[in-house]
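K.L.:
Can you read through this structure? Questions will come right after.
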């Protein structure tokens, strides 16, 4: 039974990657289990400056998922490097995935340049699709030209594998994927959250102070699976699949659709042991579906 | 307690409209309850020729919803008029909503021209977004120019209120809504289904013979609510809201987001009494949230 | 069709993955053998269509195989209430059966044959039943059919019980006036070819609603398009179009 | 934090919409009054955070108000098992309480005061408790606090029981060394202003995970950003920044 996969030249012991924004810098989860069982994890979205994020409420429950409008709360790249990563190093000993957000190409470039110098960062995942910030990430990820420009700019300042995280809120996600591929992306990850809204019937106001938020959770799985398959067929670089993955079965399905590795997001918030349990379940589920090596099934849907 | 609303000049006793493709021509449901309690209903999508639709399996279950790839099965407009509508008339005595699909502007025009002559058709809902048919509806609904052209063409051949049904699988649904508004649409209805996919782990084939299908059910509600609110703020014509509506509470939420009337789709398949029960629940739920007249809350989200 | 609440009386395994559940509720819409019910389950969006094994007054018996999340969950229930749509599908028409109908059930196609056998025996017919399984550990309901007064033949693919082979190996030497079948599609296809008389065959398909609204389970027949859930699941031998 | 399975012992209404549930399970991670548990419920995507009312050995008591789908469902359970995260939140620190702490609970802010009162009384403190409600039919746990040995004052907005008015109307004439509060935000804000001593106040917010991972419930304080679920829900009077 072979669970390891290779993502842009770095071997992962297994394809499971907690998604950015659902796993902090790992140390809360390290109190629960040895997080070195993970393939890797993608740490909280990092911006140039300290960000508080959006006002609360930032969370709204939905059928099969939740809306969030956290708004990229993070201490800023300098303190991430000086304060958070040293704490992370005490509990995690594998190459980690850094997640970067920005509101201008300059900001993306500056943050990526700084993270490029951090040795234990294995990949840089560039979020061009965060739907929560007004005038922010959204615009880059929904236009192939802008998406290509960000990719081109950050490509110049790092040799580390670049994973561009794509927005599903577009007419044709393969267009965006091809644009970032042609500007030097080493991989794409998808899907980020769908834009959603809920209204509080008592107050007649949106539940989220930000009005809208990003929808994630098992509800989005079929939408994610379709987009992963479409993008897998459109580009040559690897695809990191995510969106509603909640079980080892879902991981196999996502890999058959075309994912080389699989990020798990919302499920970490519902069951803090989710990633550990999925990793433990994988060999059993692989046996059930007669899979010897996970790499054999990537994009294997007939 | 006032439940009636006005959709393009025709009064509905209440805003509840079973969505096309989930209610046939009404007579299966008429065996269960008097379907004249409905505001109206939108009958099965009608094309020029008889269509068998896609091969089976056409249905895949998902968390909080289902994928369907029925592919516009219907007897064609002539037999709809000569065979189905007479049967419908025996059980339904209100203006009905006709739903039209097509694979060319000519086809849309021909079908709408024929339905225009049927007296008890109150509204014509033009589906420019069915995601199931290769080279079909999808293209019209994802491009503002094409969407506008269809609208313009069918506008010429009918005086009946035209409701254009929009696809959510676009970067900016308000662009499409404005395009069809400016070409003479009397209303828009949204959202049609999201494109989704599931894979059978045993066979490693897509569950749907058509590979992908349209995702609907309570899971899509927050996505639908956001788009309804965006479109409500972008156009002056009324918005018919749909997508995952499953309860009287959801109806109020959809109306606060901007819907003048509300279509109920998948829920009819799970609970054949869904629309009847929602209509019965509405006064109670209105009382709970201090709503006297439903028209007071349309677009009322603060 | 009727939507009503049934209370679970019992739920027991018949084999390692086939369960028998009995429920009490309004069965008045179940008018023929071969109809099915559609069961709402917590946490599943769609209902689960399950064929009716038997009805006695207000007691409904279903037999189902655990094949996925829904049926796995169903197998864990031993009490409580379920929201069920009853009276779905056309069911078997016993009118053309003749004096000596042959009933053939394969695997989870066996259960609907039970109520059908009971009805036909009640009509004074000589009923023979062939029950097809892969191996002896999968066999169920042999005695129950015998107790009804049917002549029972069991086939197993590996020969561990009854006749070795497929149900088609058992029908060869039998004389019968008509046949009724339910089981996996390859079995139905083989029977369609091997059967000496006219008959009725029951089909399966992934369903959306189960009552004719969504067109999710349409199939093409020689007499037009049919909804498995509404004009089916039982088709006449003469109208079936194999693809 | 610990994730474990609790079995429901009882679940009874205290008022028309407030319920008391007792459960048996591993309570070893619940180390302070004012912490909360996060309960997974069938059909709900997110867990439901509920404050701990009391812990005795392996018996956990929670008191919750039915406010939505989740708590309505919770109120229907009388047996069975629940997947619960325990030991969440910082809880109240009893160290600075002084000899005569004052405990103030408003509505569903009352329950955490119970275990706190018990702990403080156990430490030999003179404990006074103010329980604030809208009207007499909403009052609960008055006797339970009295039985612990606390001096109990009840306020109701309409004056139908105890002191007429708000909890702030009751604290005016009392002398106390420190205060602990839990209740709706307007009450906390009023207390923040009206209180004569330092104290600790417990806050509510819509949470994603409840254990510090999602940043869904962050608030700004005078000592930086805090997660209600992790560095909270209890805040020091001195650090609170009202917005």
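Residue numbers (this note's numbering), protein chains in the order written: chain A, 1264 to 1565; chain B, 1264 to 1565; chain C, 216 to 458; chain D, 216 to 458.
By construction, the Cβ of each residue, glycine as well, lies at the ideal position given by its N, Cα and C atoms.
Buried or exposed for residue 1314/B, going by 16 or more other Cβ atoms inside 10 Å?
P.N.:
Translated into the one-based positions of the second chain, residue 1314/B becomes position 51. It counts as buried.
K.L.:
List the residues of chain C that residue 1535/B touches, going by C-beta distances under 9 Å, in chain order.
P.N.:
Looking up residue 1535/B in the second chain gives position 272. What residue 1535/B touches in chain C: 216, 218, 300, 424, 426 and 428.
K.L.:
Kindly confirm or deny that the segment 264 to 279 of chain D and the segment 324 to 331 of chain D touch, where touching means at least three C-beta pairs closer than 8 Å.
P.N.:
yes
K.L.:
Would you say residue 1433/A reaches chain D, if we count a Cβ-Cβ gap shorter than 8 Å as a contact?
P.N.:
Here residue 1433/A refers to the residue found at position 170 of the first chain. No, residue 1433/A does not count as interfacial toward chain D.
K.L.:
At 8 Å on the CB atoms, spell out the chain B contacts of residue 1520/A, in chain order.
P.N.:
The count along the first chain starts at 1 and reaches residue 1520/A at position 257. Within 8 Å Cβ-Cβ: 1460 and 1462.
K.L.:
Quick one: list the residues of chain C neighbouring residue 1349/B, beta-carbon separation under 9 Å, in chain order.
P.N.:
Sequence index remark: in the second chain, residue 1349/B carries index 86 (1-based). Those do not exist, as residue 1349/B stays about 18 Å from chain C at its closest Cβ, beyond 9 Å.
K.L.:
Give the range of the alpha helix (DSSP H) segment to which residue 1485/A is assigned.
P.N.:
Your numbering for residue 1485/A matches position 222 in the first chain. Looking at the DSSP string, the run of the alpha helix (DSSP H) that includes residue 1485/A is 1484 to 1497.
K.L.:
In chain order, what residues of the same chain have a beta carbon less than 6 Å from the beta carbon of residue 1236/B, not counting five sequence neighbours either side?
P.N.:
An answer regarding residue 1236/B cannot be provided, because it is not within the stretch 1264 to 1565 covered by chain B.
K.L.:
At the 8 Å Cβ level, is residue 1271/A part of the contact set with chain D, yes or no?
P.N.:
What you label residue 1271/A is simply residue 8 of the first chain in a count that begins at 1. By this cut-off, residue 1271/A is not an interface position.
K.L.:
Run the CB neighbour count on residue 1545/B, radius 10 Å, all protein chains shown included, and call it buried at 16 or more, exposed below.
P.N.:
Position 282 of the second chain, counted from the first residue, corresponds to residue 1545/B. Residue environment for residue 1545/B: buried (at least 16 other C-beta atoms within 10 angstroms of its C-beta).
K.L.:
Are the C-beta of residue 1524/A and some C-beta of chain B separated by less than 8 Å?
P.N.:
The sequence position of residue 1524/A within the first chain is 261, counting from 1. No - not a single Cβ of chain B is within 8 Å of the one on residue 1524/A.
K.L.:
Report the option in 1523/B, 1463/B, 1485/B and 1508/B whose CA atom is closest to the CA atom of residue 1499/B.
P.N.:
The residue given as residue 1499/B occupies position 236 in the second chain. Out of 1523/B, 1463/B, 1485/B and 1508/B, 1523/B has the C-alpha closest to the C-alpha of residue 1499/B.
K.L.:
Taking Cβ-Cβ distances below 9 Å as the criterion, which residues of the segment 256 to 279 of chain D are in contact with chain A?
P.N.:
258, 259, 260, 261 and 262
K.L.:
How long is the line joining the alpha carbons of residue 1253/B and residue 283/D, rounded to whole angstroms?
P.N.:
Residue 1253/B lies beyond the range of chain B shown here (1264 to 1565); nothing can be said about it.
K.L.:
Assuming residue 1525/B and residue 1278/B are in contact, meaning their beta carbons sit under 8 Å apart, how far apart are those beta carbons, in whole angstroms?
P.N.:
The residue you call residue 1525/B lines up with position 262 of the second chain. The residue you call residue 1278/B lines up with position 15 of the second chain. Right, their Cβ atoms sit about 5 Å apart.
K.L.:
Tell me whether the beta-carbon of residue 1531/B lies closer than 8 Å to the beta-carbon of residue 1285/B.
P.N.:
In the second chain, the residue the question calls residue 1531/B occupies position 268. In the second chain, the residue the question calls residue 1285/B occupies position 22. Result yes, Cβ atoms of residue 1531/B and residue 1285/B sit closer than 8 Å.
K.L.:
Should residue 1400/B be labelled buried (16 or more other beta-carbon atoms within 10 Å of its own) or exposed?
P.N.:
Working through the second chain from its first residue, we reach residue 1400/B at position 137. Bear in mind that the predicted position of residue 1400/B carries a pLDDT of just 44, short of 50, making it unreliable; the figure below should be weighed with that in mind. Classification for residue 1400/B: buried.
K.L.:
With 8 Å as the threshold, decide whether the Cβ of residue 1467/A is near any Cβ in chain D.
P.N.:
Against the first chain, residue 1467/A aligns to sequence position 204. Output row for residue 1467/A: interface = no.
K.L.:
What is the DSSP secondary structure of residue 1467/A, reduced to helix, strand or coil?
P.N.:
Numbered from 1 along the first chain, position 204 holds the residue referred to as residue 1467/A. Of the three classes helix, strand and coil, the one that applies to residue 1467/A here is coil, per DSSP.
K.L.:
Just curious, the beta strand (DSSP E) that residue 1378/A is in, first and last residue?
P.N.:
Mapped onto the first chain, residue 1378/A falls at position 115. Element bounds for residue 1378/A: not the beta strand (DSSP E) but the alpha helix (DSSP H), 1368 to 1379.
K.L.:
Would you say residue 420/C faces chain B, with C-beta separation under 8 Å as the test?
P.N.:
In the third chain, the residue the question calls residue 420/C occupies position 205. Judged by the 8 Å Cβ criterion, residue 420/C is in contact with chain B.
K.L.:
Please state if the CB of residue 420/D and the CB of residue 432/D are separated by a distance shorter than 8 Å.
P.N.:
The residue labelled residue 432/D in the question sits at position 217 within the fourth chain. The residue labelled residue 420/D in the question sits at position 205 within the fourth chain. Their beta carbons are under 8 Å apart, which means residue 432/D touches residue 420/D by this criterion.
K.L.:
Distance cutoff 8 Å, beta carbons only. Does residue 1506/A sit that close to anything in chain D?
P.N.:
Position 243 of the first chain holds residue 1506/A. Not closer than 8 Å to any Cβ of chain D, the Cβ of residue 1506/A fails to qualify, so no.
K.L.:
So which residues of chain B does residue 1563/A contact, with C-beta pairs closer than 8 Å?
P.N.:
Within the first chain, the letter at position 300 stands for residue 1563/A. Under the 8 Å cutoff, chain B gives 1467.
K.L.:
Report the option in 1368/B, 1529/B and 1272/B whose CA atom is closest to the CA atom of residue 1412/B.
P.N.:
For the purposes of this step, residue 1412/B is taken as residue 149 along the second chain, with counting starting at 1. The alpha carbon of residue 1412/B has as its nearest neighbour, out of 1368/B, 1529/B and 1272/B, the alpha carbon of 1368/B.
K.L.:
Name the DSSP bridge partner or partners of residue 1337/B?
P.N.:
Stepping through the second chain from its first residue, residue 1337/B is reached at position 74. DSSP output for residue 1337/B lists 1314/B as bridge partner(s).
K.L.:
Just grab the DSSP bridge partners of residue 1386/B for me.
P.N.:
Looking up residue 1386/B in the second chain gives position 123. 1360/B.
K.L.:
Name the chain B residues whose beta carbon is nearer than 9 Å to that of residue 435/C?
P.N.:
One-based indexing of the third chain puts residue 435/C at position 220. Against chain B, a Cβ distance below 9 Å from residue 435/C picks out 1315.
K.L.:
Could you give the DSSP three-state label for residue 412/C: helix, strand or coil?
P.N.:
If you number the third chain from 1, residue 412/C lands on position 197. Looking at residue 412/C - three-state DSSP - the assignment turns out to be coil, as it is neither helix nor strand.
K.L.:
Give me the residue from 256/C, 358/C and 413/C with the minimum Cα distance to residue 366/C.
P.N.:
Stepping through the third chain from its first residue, residue 366/C is reached at position 151. For the residues 256/C, 358/C and 413/C, the minimum Cα distance to residue 366/C belongs to 358/C.
K.L.:
Using a Cβ-Cβ cutoff of less than 8 Å, which residues in the same chain neighbour residue 1552/A once the five nearest sequence positions on both sides are dropped?
P.N.:
By one-based count along the first chain, residue 1552/A stands at place 289. If we look at residue 1552/A and ignore the five residues flanking it on each side, its Cβ neighbours are 1515.
K.L.:
Could you give the distance in angstroms between the alpha-carbon of residue 1327/A and the alpha-carbon of residue 1506/A?
P.N.:
By 1-based counting over the first chain, the position of residue 1327/A is 64. By 1-based counting over the first chain, the position of residue 1506/A is 243. Residue 1327/A and residue 1506/A: Cα-Cα distance of roughly 12 Å.
K.L.:
So with Cβ pairs under 8 Å, would you call residue 1267/B a contact of chain A?
P.N.:
Sequence index remark: in the second chain, residue 1267/B carries index 4 (1-based). Cβ-Cβ to chain A under 8 Å: no for residue 1267/B.
K.L.:
Out of 1371/B, 1362/B and 1384/B, point me to the one whose CA is closest to residue 1356/B's CA.
P.N.:
Along the second chain, read from residue 1 onward, the residue named residue 1356/B stands at position 93. Closest by alpha carbon: 1384/B.
K.L.:
At 9 Å on the CB atoms, spell out the chain B contacts of residue 1451/A, in chain order.
P.N.:
Your numbering for residue 1451/A matches position 188 in the first chain. Chain B residues near residue 1451/A: none, gap ~17 Å exceeds 9 Å.
K.L.:
Under a three-way DSSP split, which group does residue 1399/B fall into?
P.N.:
Taking the second chain and counting its residues from 1, the one referred to as residue 1399/B is at position 136. Confidence in residue 1399/B is poor, its pLDDT being 46 and thus under 50, which makes the residue's placement too unreliable to answer from.
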